[in-house]
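Residue numbers (mature numbering (1 follows the signal peptide of the UniProt record, and there is no 0)): -21 to -1, 1 to 1158. Cβ atoms here follow ideal geometry from the backbone N, Cα and C, with glycine treated the same way. First up is the structure itself, then whatever we jot down about it.
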Amino acid sequence: MASEILLLSTPFLIFSLLAHASFLSSFAYSASTGSEVANGRKEAEALLEWKVSLDSHSQPLLFVLAGAQPCNWSGIGCDRSGSVINISLPHSSLRGTLDSLRFSSFPSLIELSLYNNSLYGSIPSHIGNLSNLTILDLSFNNISGTIPASLENLRSLFELYLGVNSLVGPITSIGNLSTSLTELHLSYNKLTGTIPASLGNLRSLSKLDLSYNSLVGPITSIGNLTTSLTIFLLIYKPNGTIPASLRNLGSLSKLYLRNNNLVGPITSIGNLTTSLTILDLSSNKLTGTIPASLGNLRSLSKLDLSHNSLVGPITSIGNLTTSLTILDLSSNKLTGTIPASLRNLGSLSKLYLRNNNLVGPITSIENLSTSLTELYLTYNKLTGTIPASLGNLRSLSKLYLSHNSLVGPITFIGNLSASLTVLNLSYNKLTGTIPASLGNLRSLSRLDLGDNNFFGPIPPEMNNLTHLYALYINSNRLSGNLPQDVCLGGLLVFFAAFDNYLTGPIPKSLKNCSSLLRLRLERNQLSGNISDAFGTHPHLKYMDLSDNELHGELSWTWEQFKNLSGKFQESDKISGEIPAALGKATHLQGLDLSSNQLVGGIPKELGNLKLIELALNDNKLSGDIPFDVASLSDLQKLGLAANNFSTTILKQLGKCSKLIFLNMSKNRFAGSIPAEMGSLQSLQSLDLSWNSLTGGIAPELGQLQRLEVLDISHNMLSGLIPTSFSRLKGLTKGPIPDIKAFHEAPFEAIRNNSNLCGNATGLEACATLMKNKTEHKKGPKVVVFTVIPLLGSLLGLIVGFFIFFQSRRKKRLMEPPQIDVSMRWCPDGELSYADIIEATEEFNSRYCIGTGGYGVVYKVGLPSEQFLAVKKFHQTQEVEMTSLKAFRSELMSYGIRHRNIVKLYGFCSHPKHSFLVYEFVERGSLREVLKDEEQAVKMDWDKRLNLIKGVANALSYMHHDCSPPIIHRDISSNNVLLDSEYEAHVSDFGTARLLMPDSSNWTSFAGTFGYTAPELAYTMKVDAKCDVYSFGVVALEVMMGKHPGDFISSLMLSASTSSSSPIGHNTLLKDVLDQRLPPPKNKLADGVAHVAKLVFACLQTDPHYRPTMLQVSTQLTTRWPPLPKLFSTIELEDVLTRWGLTNPMAHLYRGKPEEPFDSWASPKSAGPKELFAPGGIRT
């Protein structure tokens, strides 16, 4: 019974034990589940609490609830136990701070990624509670403040991304970060201070990016970085040299040190690890040559040394590793030729050598790798032709050869790769026609052939280029029609064909070319009706169609031009009225409709525009300005000249505070000049001439402190010139009373005004005008008894002074001669005063070879058979002071050394004799040579062009290479001497003047009549442009063989009349030239025509539009451009207006279509009426 009980109890016991174990297990599971639920609730509460703190826009985007557990929420990841280990919410448009995020609620968090949001504020210090965090990414936000020191608590951190924020302060604390850190990115912040040596503590670091901060100091500490570092970026502020300790970074594969202030040579980089694949040292201040040791970097695939100051040849680059794919040496000062050793770089795909001083031919590029895709050689001094072997580069997609001196035809184009997308050959000296094979390059998106010497028609095959994004064929001598299907592909954005001889209509494909952004077709011979030439152009910002033969009306759908924001310019034969719909082009900033046949009034809708420039000159417009001018608050340039406006000048103009140029001349404006115009504080040029203005001149105009040009002539003004004008110190044109330099202002500037008085030439003095009747009443007796005693006293003073100075002079001449200054000249050493006296027999007249206003010139022969020219200054009392000034002026040339300036060897200043010793120039003055028939014939066109070039070079040297600049002031054919080879030597510096930067540079009149600039009739200001005008007269004299005074007068007379047949019309250029010489041929003909255009540019009446002598000299030293037609058929009118070059200086004002709209003052081609108008060219 007992055993039976035992048998029964054993199974029961087992069952009981199992039941008990199951109960305990269930109890433990229940407890664990409860703990996880509680932890999950805690994490959920923390996330929801942070969500509430964000702005209302962010909240709907965050934590889309899918159950009570955060593990089911978007962007939240959990482990198997349900704990949050990943918060990843990039690109979520979150805006707010991290302050309300309780990091202590996430003990298991491994990754926190919130990059590319709009988080701001600082990084909370309690972020250090995330002890298990391995990845922290807060980049691309607006987080500010310093890097918290609590980050050092994150001992498990592998990757830290804080780039692209606004963090400030030093980075000293990052050396205490986890030693397990492999990537550290702090770029694009505002961090300051130096790079701490403690960075070396991060022994596992492989990637370090400190670029684009404000870190300073040397970078020597980077040598302490771990040898495991593979990528290092440090860009922007640090300075110093490249430390040799970089060799310690044995695992480095990528090194970026661009855009710092690093200086010194780069010789140490050859010692870097051979594992380096990318080396970027661009945009620093590195100097020296490129070391051959770069060849040691056998794994290098990209080398960028651009934008530094490296010098010397580039022969060493042939030693670089064959694994190199990208080489950029742009924007340095490298010299020499392109080496043939480039062929060694068999893997090269991109080569950038632009903006250096490389010379010679480019034939060596044919040896480049066939894998080359991009080749940039722009802005160098490369010469020769473009080799056809470029066709070997079958992978080439971009070829830039612009801004060099390449010559010859471009027949090679047909050999280029069909994959070519960009071809830029602009700003060279390429010639010939555009080959039809260009049409084979069907992948071209950008083609630039501008600023060359291409001629002939544009091949129709160009219509095949349907992928064109930009097409530049401007500034050549192209003729025929424009390609009609130029926008067939609908991708054209930039199109420039200005400055050619193109004819025919505007291409039809442009009508609906909706992609077009900038269009420049000005200065051609395009014709046809433009009324329907344009349609939908929603992106167009700039358009210039001026100086063509177009006609029609502007009846376009201007709503389609709503983005026209640059400038619209049209000056042809456009008729009709200004369309009111123009007001719908609301982004338009510049509108120039000058020189058309527009009638009617100005539409009030133009007041809706935000114009900076409005030019309606030379039309037939009338009426009033129908809108409040003050609405054009940004207006800087307003031109209404040469129309039929007849109302009063608007007072509202005074509200256009930004106005710089205002031209309302040649209209019928009546009434007085409004006082409100004195509020135009930015105004520099004001032209109100040729109107019907009455009353006095508003004294408020004296408040225009920036005014430089003022013309109020040909009105009916009366009264006196306001004394407030004396404050207008900057005025270069126009009458100013009470300022000495303008007391002789030109009568042209103020003439034809009734009863106008003031202290100016041609005007009656105001005192005389007002007291005229009173003076007549006093009778002759008062005059006699007043004047005779005054005259007697004056005569006594004059006699007394004469006796006194004569006695002093006699005493001085009796003194024994004492040489104040010894004379030295090369090559024979000392030359004494006695030698000169003996050689000239005390300045005997038989040695005299010339006489001038300040002295006499003697020819002196020395025992060494050398000859000198000695200029002895007058010593008479009447001219003593003038001669002394001339003597001192000529001494300025003592230190000048130029092959085209007469050499001054020595001087002597003595009470008895003051003289200068010059080199003797054999043939004498240019004037005498031109008068001598035999010598004039020997001086052929080649010699004459060289002579003109020599004078230009001399003046350019004086104006631009001397410090301070020297202004000659008396350039004439009498002061240009010729040696045995007819080489020019500028002489006679008796009136020369230093152009001091801190001086007013005003003086008395100087120069030779017939050669002086017209502005010297009313201003005594020394200006280099006076020499430019005199040079123009001398150069024209050389070409005509006689003084051109009558010729210039005829041009001025022709310009001042309304004759329809000006002197330039039907007058051949060859008939104006010196008839003693046969007409020039071939290149000499090109040169003569080119010089003729330069001459007339120099003779412009307005000095502002004359070129500088540096520009003239540069033009004369370049290759003459070929003529567009036979020299024998070129008329004077062609030279005075436009053929080929438009204007010799036109290239200085040209711009690509992507540049801002042209300046108001950019000179257009000027005919005789503009060149020789009494007031010069007026805009």
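- A Cβ-Cβ contact shorter than 8 Å links Leu600 with Gly580.
- Between Lys264 and Ser232, the C-beta spacing is not below 8 Å.
- Boundaries of the alpha helix (DSSP H) harbouring Ile927: Trp920 to His939, taken from the DSSP string.
- Its chain contains Ser384, Leu385, Val386, Asn431, Asn432 and Arg1098 as the residues whose beta carbon lies nearer than 8 Å to that of Lys408, once the 5 sequence neighbours on both sides are disregarded; these appear in chain order.
- For secondary structure counted as the beta strand (DSSP E) over 3 or more consecutive residues, the stretch 326 to 378 holds these complete runs in sequence order: 329 to 331 and 353 to 355.
- Residues Leu170 of the same chain have their beta carbon placed closer than 6 Å to that of Ile150, with the five preceding and five following residues left out of the count.
- The beta carbon of Thr342 lies closer than 8 Å to those of Gly363, Pro366 and Ser368 in the same chain, with the five residues before and after it left out.
- Within a 10 Å sphere around the beta-carbon of Val1074 sit 16 or more other beta-carbons, which makes this residue buried.
- Boundaries of the alpha helix (DSSP H) harbouring Thr1093: Met1088 to Leu1095, taken from the DSSP string.
- With contacts defined as CB atoms closer than 8 Å, Ser966 and Ser1092 fail to qualify as a contacting pair.
- Taking 8 Å as the upper bound for CB-CB distance, Leu399 and Leu420 are in contact here, some 5 Å apart.
- Remark: C-beta atoms of Leu428 and Ser396 do not approach each other more closely than 8 Å.
- Across the structure, Lys838 and Thr991 are spaced so that their CA atoms are roughly 29 Å apart.
- The criterion of a C-beta distance shorter than 8 Å is satisfied by Leu347 and Leu321.
- Following the DSSP letters along the chain, one finds Leu1111 inside the alpha helix (DSSP H) bounded by residues Leu1111 to Leu1115.
- Here the alpha carbon of Leu590 sits roughly 38 Å from the alpha carbon of Ser310.
- Residue environment for Gln576: exposed (fewer than 16 other C-beta atoms within 10 angstroms of its C-beta).
- Looking at the DSSP output, Val386 sits in a beta bridge with Lys408.
- A straight-line Cα-Cα distance of about 21 Å links Leu533 and Asn623.
- Considered as a whole, the stretch 623 to 711 harbours no complete run of any alpha helix (DSSP H) with no fewer than 4 residues.
- Per the C-alpha coordinates, the member of Phe473, Asn925, Val896 and Thr987 positioned closest to His947 is Thr987.
- In this structure, the beta-carbon distance from Leu614 to Leu593 falls below 8 Å.
- At the C-beta level, Met656 and Leu617 stay beyond 8 Å of one another.
- Comparing alpha-carbon positions, the option among Phe473, Leu313, Leu638 and Val242 lying closest to Ser424 turns out to be Phe473.
- The alpha helix (DSSP H) runs of length 4 or more contained entirely in the stretch 417 to 452 do not exist; there are none.
- If you compare the alpha carbons of Pro1057, Asp1050, Leu1115 and Ser1107 with that of Leu1078, the shortest gap goes to Leu1115.
- Per DSSP, the unbroken alpha helix (DSSP H) holding Ser1009 starts and ends at Ala1003 to Met1019.
- With 16 or more other CB atoms across the displayed protein chains lying within 10 angstroms of its CB, Phe704 is buried.
- Per DSSP, reduced to three states, the secondary structure at Arg1085 is coil, with no helix or strand assignment.
- CA-CA distance, Ser67 to Tyr355, rounds to 44 Å.
- Rounded to the nearest angstrom, the Cβ distance from Ala931 to Phe1010 is 7 Å, consistent with a contact under 8 Å.
- Taking the Cα of Gly219 as reference, the smallest distance to any Cα among Ser230, Pro244, Leu204 and Asn227 is reached at Pro244.
- When DSSP states are grouped into helix, strand and coil, Phe846 belongs to the strand group.
- Distance from the CA of Lys520 to the CA of Ala564, rounded to the nearest whole angstrom, comes to 10 Å.
- One alpha carbon belongs to Asp690, the other to Glu556, and they sit about 29 Å apart.
- DSSP places Ile816 in no beta strand (DSSP E) but in the uninterrupted alpha helix (DSSP H) bounded by Tyr812 to Ala818.
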